[in-house]
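*Asks:* Let me begin by handing over the structure; questions about it come next.
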Amino acid sequence: FKEHGIPWDGQMIEKAKLGTLVLAKLYMSNILSEVEHLEQKNQKSSAARINSLLVSAVRFAFKVHQFVRGFNNDCIGLFEKISIKMKDYNL
Numbered sequence: 045f046k047e048h049g050i051p052w053d054g055q056m057i058e059k060a061k062l063g064t065l066v067l068a069k070l071y072m073s074n075i076l077s078e079v080e081h082l083e084q085k086n087q088k089s090s091a092a093r094i095n096s097l098l099v100s101a102v103r104f105a106f107k108v109h110q111f112v113r114g115f116n117n118d119c120i121g122l123f124e125k126i127s128i129k130m131k132d133y134n135l
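Sequential numbering of the sequence shown, starting at 45, is according to this note's numbering.
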């Protein structure tokens, strides 16, 4: 980048990774909250929505994990909760 006169801050990538982890934490927290809300309704139609939410959470978490090359403790805990929910629904 220096050769071509492009400004570069070496910490930009780390900041992007940290921001992505924050986003992942918020997303997984929202998914878990929505799943708990749907579970409280206890309707048969909720099962398909819960399935969709949990699968999308795992897909997103995988992409984040690949990008940042791992999770922090908060994300690990949330992912474990999602994993437990998936086992509850035999996914």
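Glycine residues also receive a C-beta, built at the ideal position from the N, C-alpha and C atoms.
This one's a predicted model, so the numbers in the text were calculated from it and none came from an experiment.
So for residue 89, helix, strand or coil by DSSP?
*Replies:* Of the three classes helix, strand and coil, the one that applies to residue 89 here is coil, per DSSP.
*Asks:* According to the neighbour-count rule (16 or more other Cβ atoms, all chains shown, within 10 Å of its Cβ), is residue 56 buried or exposed?
*Replies:* By the 10 Å Cβ count, residue 56 comes out exposed.
*Asks:* Let's test the definition: count the other Cβ atoms within 10 Å of the Cβ of residue 115 and tell me whether it reaches 16, buried, or not, exposed.
*Replies:* So residue 115 counts as buried.
*Asks:* Just to confirm, is the Cβ distance from residue 61 to residue 113 under 9 Å?
*Replies:* Closer than 9 Å, so yes.
*Asks:* Under 9 Å between C-beta atoms, does residue 53 make it to chain B?
*Replies:* The structure shown contains no chain B; it holds only a single protein chain.
*Asks:* Comparing alpha-carbon positions, which option in 110, 95 and 59 lies nearest residue 127?
*Replies:* Minimum Cα distance to residue 127 is reached at 95.
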